[in-house]
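Below: one structure, written as structure tokens.
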Amino acid sequence: MTNWHDPIVIYKDFLALIKLGHAVGGLYIWETVLSMGFELDVLRGKRPYRWTIWLYLGTRYTALLGFILYFIDKDSSRVPCQPFMVAGFALPYASWAFASLIIVLRVIAVWDRNIFVSLLALGLWLVGLALNIYSLAMMKGTYLPTLGSCITLHLRRCLVNAVATLVADIILLIIMLIGLLRHAQRSSAGIWSLLYQQCIMWIALAALAEVPIVVFLILDLNDAWNIMFGEVAIAVLSISAARMYRSLCQYGSFTEYVSTERPKVPPGTPMSYPENRITNVSGRIRFAAATQSNGTGTTSEAPVSMPADHVQSEFAPSVLNPKLVYEDTKEKVRYEMA
Numbered sequence: 002m003t004n005w006h007d008p009i010v011i012y013k014d015f016l017a018l019i020k021l022g023h024a025v026g027g028l029y030i031w032e033t034v035l036s037m038g039f040e041l042d043v044l045r046g047k048r049p050y051r052w053t054i055w056l057y058l059g060t061r062y063t064a065l066l067g068f069i070l071y072f073i074d075k076d077s078s079r080v081p082c083q084p085f086m087v088a089g090f091a092l093p094y095a096s097w098a099f100a101s102l103i104i105v106l107r108v109i110a111v112w113d114r115n116i117f118v119s120l121l122a123l124g125l126w127l128v129g130l131a132l133n134i135y136s137l138a139m140m141k142g143t144y145l146p147t148l149g150s151c152i153t154l155h156l157r158r159c160l161v162n163a164v165a166t167l168v169a170d171i172i173l174l175i176i177m178l179i180g181l182l183r184h185a186q187r188s189s190a191g192i193w194s195l196l197y198q199q200c201i202m203w204i205a206l207a208a209l210a211e212v213p214i215v216v217f218l219i220l221d222l223n224d225a226w227n228i229m230f231g232e233v234a235i236a237v238l239s240i241s242a243a244r245m246y247r248s249l250c251q252y253g254s255f256t257e258y259v260s261t262e263r264p265k266v267p268p269g270t271p272m273s274y275p276e277n278r279i280t281n282v283s284g285r286i287r288f289a290a291a292t293q294s295n296g297t298g299t300t301s302e303a304p305v306s307m308p309a310d311h312v313q314s315e316f317a318p319s320v321l322n323p324k325l326v327y328e329d330t331k332e333k334v335r336y337e338m339a
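Pasting the structure below:
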């Protein structure tokens, strides 16, 4: 049986940890460079600006800086171990915080800003953030001459933090999943389908990335194995959060949300609405169902798909039947979506 606390075994395990961290860090840098065009398009005005881009950038670049510090920390004997070790953990923790906050915002949106759900989601996020800060205060680093790099000691103390992070992420994702299932009639197509698929994928990725960390902290084989999959977890969560954010942004380019909820007004109250025209549209637009009118007759068909540059769209609300009206300016056909 392997003696996990044998100095030779610990040396080999830390060497494997350093090699794995370099490999994962290299892959993360490669992924960041390849996908950098998204934020550059926002900077150049080619994509619409949304304030959530800062959460996206925070998720990506705190993890990137964390990997850069990891390389410096593991490859140099001239750095102060304790400050670099704390910073090397603080940046990945910040990346997790930004990614989790994206989930929190989705939960709040899916639940239509329900105050109880919003407070629960924010509370879970704050608990995870507080435990991360606490674990940073408990960490100790030292220089190992045989490896020529700094190592982190007594990571078993981070078990509570790791378990709480995993549980908080899973609970947030389950809350979001329940919120999506409340709109089951919408989940078969469109953006609701995309959100549902991303939620399921995010649950699987969170389990894949965080469960091994919890398992090895419970086993407590040695300090190297306690942190063996930490860099992998940060890379998986950061890349998946960033890709899902880009996917949701690229799904459509309507820059404003139009609620189709029926207005709550006393019976008999006259209502008048201005037309709200949505002009920022690109790509192809696909309607799950539509009523088609070409001046000579009216038919219903589904689905309908057309280039966006042939479409003029407007919001035509009424008290009883708010709807979106799309006019194909090339074919002279009008589509109404109730």
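In case it helps, the working numbering puts the sequence shown at residues 2 to 339. C-beta atoms are modelled at their ideal positions from N, C-alpha and C, and glycine is treated no differently.
If you follow the alpha helix (DSSP H) that C82 is part of, which residue opens it and which one closes it?
C82 to V111
Tell me, which residues are paired with L145 by DSSP?
S150
Using C-beta distances below 8 Å, list every residue in its chain close to A64, excluding the 5 sequence neighbours before and after it, in chain order.
Y29, L92, P93, S96, I235, A236 and S239
Cβ atoms of D14 and A163: under 7 Å apart, would you say?
Not a contact, by the Cβ cut-off of 7 Å.
Assign A122 to buried or exposed, taking buried as 16 or more other Cβ atoms, counted over all protein chains shown, within 10 Å of its Cβ.
buried
Kindly give me the distance between the Cβ atoms of G89 and G67, rounded to whole angstroms, as I take these residues to be in contact under 8 Å.
6 Å
Mind checking whether R61 and A210 have CB atoms under 7 Å apart?
no
Starting from the Cα of Q199, find the closest Cα among I214, G38 and I175 and give me that residue.
I175
From R247, Q251, M245 and I228, pick the residue whose C-alpha is nearest to that of L18; which is it?
I228
Select from W5, I11, M245 and N4 the residue whose C-alpha is nearest the C-alpha of T340.
Because the chain in this structure spans residues 2 to 339, residue 340 falls outside the shown range and cannot be described.
Just the Cα atoms here: how many angstroms apart are F230 and L218?
If I take the Cα positions, the gap works out to 11 Å.
Quick check on the burial criterion: 16 or more other C-beta atoms within 10 angstroms. Buried or exposed for V111?
buried
So the alpha helix (DSSP H) H1 belongs to, where does it begin and stop?
As displayed, the chain neither begins before 2 nor continues past 339, which places residue 1 out of reach and without an answer.
With H, G and I counted as helix, E and B as strand and the rest as coil, what does DSSP make of F316?
Since pLDDT at F316 reaches only 39, below the 50 mark, its modelled position is unreliable, and no value is offered.
Would F39 and R247 be called neighbours here (beta carbons separated by less than 7 Å)?
yes
Could you have a look at H23 and say whether DSSP puts it in helix, strand or coil?
helix
Count Cβ pairs between the region 73 to 84 and the region 150 to 162 that sit closer than 8 Å; are there 3 or more?
Yes, they touch.
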